[in-house]
Structures are given as C-alpha cells and as structure tokens.
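Worksheet: the structure to be examined is printed underneath.
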Amino acid sequence: MLSAFALELQGKKVASFTVNTSVVSIVHNGNKVTELQSLGLSIFNVCDRHGISLEIKWIPRSFNNKADLFNKSH
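The structure is reproduced here in structure tokens:
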C-alpha cells in the first residue's frame, strides 16, 4: 500500500499509527519469519528509494476507535 502513494509521499516525513505491536517491531527490527521480514524490507526499500521518513507508532486500541470499528466490519 505504501508503494501506491510513494510519489505523493516522496521526501516527506510520514507517521503511521497501529494498534499492533508486532507491526512496529517488524518495521524497526525485522522478523525471523521470512514473509514478515520480506514485507519489512519492502517497506524499507520503498522509503529509501523515495526519501520517505517513516515513523511507525503503536497506540492503544482504546485510542483508535474509528479504525477498530472499520476493522471489525470487514
């Protein structure tokens, strides 16, 4: 999904908020699971190629009510 917006985000600082602590860990530290490591590297490569500074932040689920409602409906 990040790659779809790479040109619009080029050279920008982007913050992404998630309720999933694993996402933060995978993006910051990588993962031993091949598929997850590949996804993390893909995110890194898109950011590197387009000069995107990506900051992934964990927020408690209680602070993310709208996204949580959307997620439950799909």
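By the count of my numbering, the sequence shown reaches residue 75 at its end, each step adding exactly one. Ideal placement from N, C-alpha and C gives every residue a C-beta, glycine not left out. For clarity, every value in this text was computed on a predicted model and none was experimentally measured.
Since Phe18 and Ile60 should fall inside the 8 Å C-beta cutoff, what is the C-beta to C-beta distance between them, to a whole number of angstroms?
5 Å
_Could you tell me the alpha carbon to alpha carbon distance between Val28 and Ser63, rounded to whole angstroms?_
23 Å
Which residues in the same chain have their Cβ closer than 7 Å to the Cβ of Thr22, if we skip the five residues on either side of it in sequence? Trp59
> If we count the other Cβ atoms within 10 Å of its Cβ and call it buried at 16 or more, is Leu8 buried or exposed?
Replying inline: exposed
Neighbourhood of Leu3 by C-beta, 7 Å cutoff - its chain only, sequence neighbours within 5 removed: Ile44 and Val47
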